[in-house]
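Encoded as structure tokens, the structure appears first; notes follow it.
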Amino acid sequence: MKKTLTLGTIIMSVLVLSACGNDATKKDKPNNTTENVAKPKAEKYYFKNDELKIHDLKIKITNSKIIPVGKTGNEYGEKPVLAIWYKVTNLTNKEIDPNTAWMVAFEAYQDNNKNRENKLNVGSLPDQKFIDSQQNNIKKNGTVENAVSYELDDNTTPVTLKATQGLGGKELGTKIFKIKEALNTEQSNSTSNSNSTSSTVAQSSSAVQSTSQTKQVAVKSVNNNNQSQQIAASSSSQQTLSDFVNEHGMSPAAYKMQHDGMSQKEALDSTPRGMKSSGEIQMQNELNKQQ
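Right, dumping it as structure tokens:
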């Protein structure tokens, strides 16, 4: 009887332990498993698909073309220019104008020198419909159009447009413009246009210019030797900022940067307040804060 009871007790104990073990096993296996997969973060600042996005603004390149010497948009230039049209959106409450927005974010180069970088000079405004709006501030979340041009140093080397995260900021990307192909297309269009008054496309350094163009080159050469004096004179005379922009296609500070080789701070500091756009004044204040 004792043996039977003892055996029965052992069997019951084994069954209970087995049941507990099964319960524990079931508890260890969760009914549902969820894996957290990290989503790729969207780029905060970028330049891709012809669109630049930085903290203060967004710029979308909408069109580009080569304008030969003497053609509309480059009537008084010495060289063919790469003209670029774009839209600017102000993402903040800061005072930003279309011209300044482009200048702080982009630079153009032609890699035709084995020893140094060849940064291109900014040319005159290639589209006169923006003459009165290029210095006007953009409202927050507002979008406006504008255009800019770069003087080409030769007619074959591609132009590399570099986009940065503001002045001296990280490079965000580049865009390549194939000059030779674009210039050939422009030449073909010019030849087929019966109303064209000139077929002067600078194909090489031996291109023949008309007498009037030669005079323009001579006059501009003299002017370039006295650029700083011109800026000082215009700033101290009765000429207004609008007058200067209408004449040169850019503000005095931008003119000094592109033609006199001044840094942005030097150009802004040497320009009277009345001859600076509100965007340039805002930029100067930010540069002073960084010191």
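According to mature numbering (1 follows the signal peptide of the UniProt record, and there is no 0), the sequence shown holds residues -18 to -1, 1 to 273 in order. C-beta atoms are modelled at their ideal positions from N, C-alpha and C, and glycine is treated no differently.
Burial state of residue i (16 or more Cβ within 10 Å)
i: Asp79; result: buried
i: Ser170; result: exposed
i: Ser180; result: No answer about Ser180 holds up, because its pLDDT of 47 lies below 50 and its placement is not dependable.
i: Glu25; result: exposed
i: Ser160; result: Note that residue 160 corresponds to Lys in the displayed sequence, not to Ser. With fewer than 16 Cβ atoms within 10 Å of its Cβ, Lys160 is classed as exposed.
i: Glu262; result: buried
i: Gly256; result: exposed
i: Pro50; result: buried
i: Thr193; result: A caution first: Thr193 carries a pLDDT of 46, below 50, which makes its placement in the model too unreliable to give a value.
i: Asn56; result: buried
i: Gly124; result: exposed
i: Thr253; result: buried
i: Glu268; result: exposed
Residue j beta carbon less than 7 Å from that of residue i
i: Phe88; j: Leu143; result: yes
i: Pro140; j: Ile113; result: no
i: Asn94; j: Asp136; result: yes
i: Ser106; j: Gly231; result: yes
i: Asn72; j: Leu39; result: yes
i: Glu33; j: Lys42; result: yes
i: Asn100; j: Tyr91; result: yes
i: Trp67; j: Asn45; result: yes
i: Tyr237; j: Leu154; result: no
Selected residue, minimal CA-CA separation from residue i, among the options
i: Asn103; options: Gly256, Met239, Glu262; result: Met239
i: Gly52; options: Arg98, Glu168, Gly256, Asn123; result: Glu168
i: Lys69; options: Ile120, Gly55, Lys76, Tyr28; result: Ile120
i: Ser115; options: Leu269, Asn228, Gln246; result: Asn228
i: Glu163; options: Lys152, Thr156, Thr138; result: Thr138
i: Gln110; options: Thr54, Asn118, Val63; result: Thr54
i: Lys122; options: Glu268, Glu77, Lys152; result: Glu77
CB contact below 7 Å: residue i versus chain D
i: Gly243; result: Although the question refers to chain D, the structure presented lacks it and comprises just one protein chain.
Contact belief for residue i with residue j at Cβ below 8 Å, rounded distance in angstroms
i: Asn150; j: Ile36; result: It is worth fixing the name first, because residue 150 is Gly in this sequence and not Asn. 13 Å between Cβ atoms; not a contact.
i: Pro108; j: Ala145; result: In fact, because the Cβ distance is near 20 Å, the residues do not count as touching under 8 Å.
i: Lys61; j: Leu165; result: Actually they are not in contact, since the Cβ atoms of Lys61 and Leu165 sit about 12 Å apart, beyond 8 Å.
i: Ser224; j: Lys258; result: Rounded, the Cβ-Cβ distance is 13 Å, inconsistent with contact.
heavy atom of the ligand NAP below 6 Å from residue i C-beta
i: Gly55; result: In the structure shown, the ligand NAP is absent, as is every other ligand, since no ligand is present at all.
> Between the region 125 to 134 and the region 80 to 98, do at least 3 Cβ pairs fall closer than 8 Å?
Replying inline: Inter-segment contact for the region 125 to 134 and the region 80 to 98 is present: three or more beta-carbon pairs are separated by less than 8 Å.
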